[in-house]
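**Q**
There are 2 protein chains.
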Amino acid sequence: MADDRCIGVFDSGIGGLTVVRELQRRLPNERIVYFGDTARVPYGIKSTQTVTRFSREICEFLLRFDPKVIVVACNTASAVALAELEEMLPVPVYGVVEPGAREAVLHAEGHTIAVIATEATILSDAYRKAMAKYNPGARVLQKPCPLFVPLVEEGRHSDDAITRAVVRDYLEPIVRLDPKVLVLGCTHYPLLKDAIAEVTGEGIRLVDSGEQTARVVVERLTALEALSVRTMKGSLSCYVSDNPQRFKELGQRFCGHPITDVTWVPHEQFLSHDAPSPVV
Amino acid sequence: MADDRCIGVFDSGIGGLTVVRELQRRLPNERIVYFGDTARVPYGIKSTQTVTRFSREICEFLLRFDPKVIVVACNTASAVALAELEEMLPVPVYGVVEPGAREAVLHAEGHTIAVIATEATILSDAYRKAMAKYNPGARVLQKPCPLFVPLVEEGRHSDDAITRAVVRDYLEPIVRLDPKVLVLGCTHYPLLKDAIAEVTGEGIRLVDSGEQTARVVVERLTALEALSVRTMKGSLSCYVSDNPQRFKELGQRFCGHPITDVTWVPHEQFLSHDAPSPVV
Chain A
110 MADDRCIGVF DSGIGGLTVV RELQRRLPNE RIVYFGDTAR VPYGIKSTQT
160 VTRFSREICE FLLRFDPKVI VVACNTASAV ALAELEEMLP VPVYGVVEPG
210 AREAVLHAEG HTIAVIATEA TILSDAYRKA MAKYNPGARV LQKPCPLFVP
260 LVEEGRHSDD AITRAVVRDY LEPIVRLDPK VLVLGCTHYP LLKDAIAEVT
310 GEGIRLVDSG EQTARVVVER LTALEALSVR TMKGSLSCYV SDNPQRFKEL
360 GQRFCGHPIT DVTWVPHEQF LSHDAPSPVV
Chain B
110 MADDRCIGVF DSGIGGLTVV RELQRRLPNE RIVYFGDTAR VPYGIKSTQT
160 VTRFSREICE FLLRFDPKVI VVACNTASAV ALAELEEMLP VPVYGVVEPG
210 AREAVLHAEG HTIAVIATEA TILSDAYRKA MAKYNPGARV LQKPCPLFVP
260 LVEEGRHSDD AITRAVVRDY LEPIVRLDPK VLVLGCTHYP LLKDAIAEVT
310 GEGIRLVDSG EQTARVVVER LTALEALSVR TMKGSLSCYV SDNPQRFKEL
360 GQRFCGHPIT DVTWVPHEQF LSHDAPSPVV
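Protein chains in written order, with my numbering: chain A, 110 to 389; chain B, 110 to 389.
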């Protein structure tokens with residue numbers, strides 16, 4: 110048993126490429142089709158209704174590639190739209206919140222868990238709800254860190270003075286509350302891991318939701334006997350709703366290698382159900 | 110001669126309310142209809158093509174209110190889409206770039222002019238081109254300041270330590286090049302005026318493009334004899350493509366008074382040309 114169809118992945122923009130990096134590391138032979146909604150990024154300050162509509166439209170686009178699964182590599186979309194996508198889609202859908210929440214509860218051993226994420230993810234309370242399924246008594250602190258995404262997108266690294274000041278500003282009050290685990294609940298945040306670890310120190314374990322999601326996808330595809338049996342190297346085809354050049358330039362830092370195959374999807378083609386299926 | 114029709118104003122989100130504040134100060138009896146594209150904000154990292162499409166859609170929406178003029182209270186949209194809007198619209202359109210550029214050249218007296226704005230505004234080179242019309246030899250420095258918008262939207266003020274560090278980081282290299290004028294080329298930036306002035310000092314004049322635009326609108330309406338002769342207090346009706354509650358909460362800081370009349374425009378209604386004209 111095998112399934113050579115592609116894995117569909119989407120995010121509001123480039124952040125989801127950190128999930129792609131983890132998927133490629135574990136599944137080097139799979140074909141991945143990625144959609145980044147760069148015309149409407151970011152999702153983290155937008156309403157449930159709007160993010161759900163955007164996510165639905167993207168999944169309809171991805172279905173044209175006949176994926177075997179779709180990975181919602183965006184915490185905000187996972188937090189607010191996953192249930193509706195699961196209902197609507199004819200293939201399994203995996204979000205990033207659940208795997209991160211599970212891993213956090215596992216390591217917390219009853220101690221406090223902190224979650225940092227976008228405003229919309231925190232407002233949705235999705236992490237707390239997911240953690241309560243594994244431990245109904247889980248103590249969860251949540252804090253939005255709205256400057257992290259623009260810091261990363263501007264190209265600032267963990268050793269930048271402004272980055273370090275912002276990380277201290279957000280995280281020092283959390284560290285004082287003595288959590289045992291800190292969940293990086295936004296796919297941009299792993300790029301600031303070094304600066305974050307400097308403030309949290311060795312006593313707090315960092316959980317990267319994207320990394321955990323890649324593990325879950327491998328587990329599920331293995332259980333479904335749906336891994337590809339192709340022996341040649343996999344591929345990454347990216348589609349964006351705006352600015353393919355900017356995506357290429359910034360994307361490399363997120364997925365760890367140059368991105369060559371980026372196609373701009375014009376608005377009309379994105380929303381048209383009559384558009385010819387692209388061939389990957 | 111008089112014209113009691115409303116003034117249409119739009120921005121990618123809430124920033125344009127700083128222009129509304131200046132308009133209301135000068136024209137307290139006018140009715141203003143404002144559209145904030147909060148579902149697709151920000152524009153400053155997006156392509157000319159996409160920002161032009163968004164601007165066109167918004168102007169079509171605003172035309173339903175029968176405005177006498179439309180003010181593009183967004184530097185990015187003014188920088189990349191104004192010419193197309195002027196061609197398309199049956200009413201005069203005023204952008205924020207031209208008035209800011211004119212004022213800057215006037216005060217620079219041949220010395221260097223610095224412009225800070227979003228990535229897209231800087232890439233468009235719109236300020237430099239507009240300044241060249243008034244002084245072909247104008248020396249213009251341009252610098253994107255992508256963290257300013259998220260700092261303001263997070264609610265940080267000029268006295269916040271992070272804000273002050275970021276302002277220093279962006280502006281100290283500019284100040285060393287000894288400009289005589291600094292243009293605040295984004296409608297969010299006036300909210301950081303105090304922090305900016307602290308770094309630029311007394312020798313550099315700050316030009317607020319939004320404020321200059323309000324002056325120009327008054328001049329033009331006066332010249333056209335198109336001011337309202339209503340004696341009762343004007344009004345501000347806001348329409349947004351997402352999250353009316355967030356707009357209300359943040360908007361007050363931008364326009365200087367509480368905003369009560371905010372209507373969410375659902376996607377279908379926004380794009381439908383058959384939708385009934387709202388009555389203001």
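Ideal Cβ positions, reconstructed from N, Cα and C, are used throughout, including at glycine.
List the DSSP bridge partners of A247 of chain B.
**A** Answer by DSSP bridge pairing: none, since A247 of chain B is not bridged.
**Q** Taking DSSP's pairing of strands, which residues face C254 of chain A in a bridge?
**A** Bridge partners of C254 of chain A: none, in fact.
**Q** Closest Cβ-Cβ distance between E262 of chain B and chain A: below 9 Å?
**A** So yes, E262 of chain B belongs to the interface.
**Q** Taking the alpha-carbon positions, what's the E131 of chain B to E131 of chain A distance?
**A** Distance between the alpha carbons of E131 of chain B and E131 of chain A is about 50 Å.
**Q** Check each candidate in A:L359, A:L330, A:E377 and name the one with the smallest Cα separation from C115 of chain A.
**A** Nearest of A:L359, A:L330, A:E377 to C115 of chain A, Cα basis: A:L330.
**Q** Would you report the Cα separation of T272 of chain A and C254 of chain B, rounded to the nearest angstrom?
**A** So the two alpha carbons sit approximately 15 Å from each other.
**Q** Would V290 of chain A pass as a contact of A217 of chain A if the rule is Cβ separation under 9 Å?
**A** In this structure, A217 of chain A lies closer than 9 Å to V290 of chain A by Cβ.
**Q** What's the C-alpha gap between H220 of chain A and A306 of chain A?
**A** Their Cα atoms are separated by approximately 19 Å.
**Q** Helix, strand or coil for I368 of chain A per DSSP?
**A** Coil at I368 of chain A, not helix or strand.
**Q** Classify R314 of chain A as helix, strand or coil using the three-state DSSP reduction.
**A** R314 of chain A: strand per DSSP, three-state reduction.
**Q** Along chain B, in chain order, which residues have C-beta atoms closer than 8 Å to that of P255 of chain A?
**A** Going along chain B in sequence order, the residues near P255 of chain A (Cβ under 8 Å) are P259, E262, E263.
**Q** Hey, is the stretch 181–192 of chain A in contact with the stretch 229–240 of chain A, meaning 3+ C-beta pairs nearer than 8 Å?
**A** Yes, the stretch 181–192 of chain A touches the stretch 229–240 of chain A.
**Q** C295 of chain A: beta carbon under 8 Å from a heavy atom of the ligand ZN?
**A** The ligand ZN is not part of this structure, which contains no ligands at all.
**Q** Establish whether the CB of Q361 of chain B and some CB of chain A are separated by less than 9 Å.
**A** Judged by the 9 Å Cβ criterion, Q361 of chain B is not in contact with chain A.
**Q** Counting only Cβ-Cβ distances shorter than 7 Å, please list the residues of the stretch 157–180 of chain A near chain B, keeping chain order.
**A** Those residues of the stretch 157–180 of chain A that come within reach of chain B (Cβ to Cβ, closer than 7 Å) are T159, R162.
**Q** Name, in chain order, the residues that DSSP records as bridge partners for L293 of chain A.
**A** Partner(s): A:I225, A:D317.
**Q** Give me the Cβ distance between D113 of chain A and V338 of chain A, rounded to the nearest whole Å; I'm assuming they're in contact under 8 Å.
**A** 7 Å between Cβ atoms; contact.
**Q** Tell me the rounded alpha-carbon separation between S318 of chain A and T369 of chain A.
**A** Rounded to whole angstroms, S318 of chain A to T369 of chain A spans 26 Å at the Cα level.
**Q** Just to make sure I have the definition right: I need the residues of chain A whose C-beta is within less than 7 Å of the C-beta of D351 of chain B. Which are they?
**A** The contacting residues are K155, S156, T159.
**Q** Is DSSP giving S344 of chain A helix, strand or coil here?
**A** Looking at S344 of chain A - three-state DSSP - the assignment turns out to be strand.
**Q** Taking the alpha helix (DSSP H) that V128 of chain B falls in, what are its first and last residues?
**A** From DSSP, the alpha helix (DSSP H) with V128 of chain B extends over 126–135.
**Q** Does DSSP put R329 of chain B in a helix, in a strand, or in coil?
**A** R329 of chain B: helix per DSSP, three-state reduction.
**Q** Looking at the secondary structure, which residues open and close the alpha helix (DSSP H) in which D278 of chain B lies?
**A** From DSSP, the alpha helix (DSSP H) with D278 of chain B extends over 270–284.
**Q** Using the Cα positions of A223 of chain B and L293 of chain B, report the straight-line distance between them to the nearest angstrom.
**A** Taking the straight line joining both Cα atoms gives about 9 Å.
**Q** Contact between the stretch 149–164 of chain A and the stretch 200–207 of chain A is defined here as three or more beta-carbon pairs at a separation below 8 Å; is this criterion met?
**A** Contact between the stretch 149–164 of chain A and the stretch 200–207 of chain A is absent, because fewer than three Cβ pairs lie under 8 Å.
**Q** For C347 of chain A and Q361 of chain A, I'd like the C-alpha separation in whole angstroms.
**A** Taking the straight line joining both Cα atoms gives about 12 Å.
**Q** Just reading off the beta strand (DSSP E) that F119 of chain B is part of, what are its end residues?
**A** First-last of the beta strand (DSSP E) with F119 of chain B: 116–120.
**Q** If we define contact as Cβ-Cβ less than 9 Å, is R140 of chain A a contact residue for chain B?
**A** For R140 of chain A, the answer is no, since every Cβ of chain B falls outside 9 Å of its Cβ.
**Q** Go ahead and label L126 of chain B buried or exposed: buried means 16 or more other beta carbons lie within 10 angstroms of its beta carbon, across all protein chains shown.
**A** That one is buried.
**Q** State the Cα-Cα distance for the pair L359 of chain B and K252 of chain A, rounded to the nearest angstrom.
**A** Looking at the two C-alpha atoms, the distance is approximately 19 Å.
**Q** Go ahead and label H390 of chain B buried or exposed: buried means 16 or more other beta carbons lie within 10 angstroms of its beta carbon, across all protein chains shown.
**A** The displayed coordinates of chain B run from 110 to 389. Any statement about residue 390 of chain B would go beyond what the structure contains.
**Q** Using DSSP with H/G/I as helix, E/B as strand and the rest coil, what is Y143 of chain B?
**A** In the structure shown, Y143 of chain B sits in a strand (DSSP, three-state: E or B).
**Q** Of all the CB atoms in chain B, is at least one closer than 9 Å to the CB of I271 of chain A?
**A** Yes, contact with chain B.
**Q** Taking only three categories from DSSP, how would you classify Y236 of chain B?
**A** Here Y236 of chain B sits in helix by DSSP.
**Q** Check for me: the beta strand (DSSP E) holding I179 of chain B runs from which residue to which?
**A** Looking at the DSSP string, the run of the beta strand (DSSP E) that includes I179 of chain B is 178–181.
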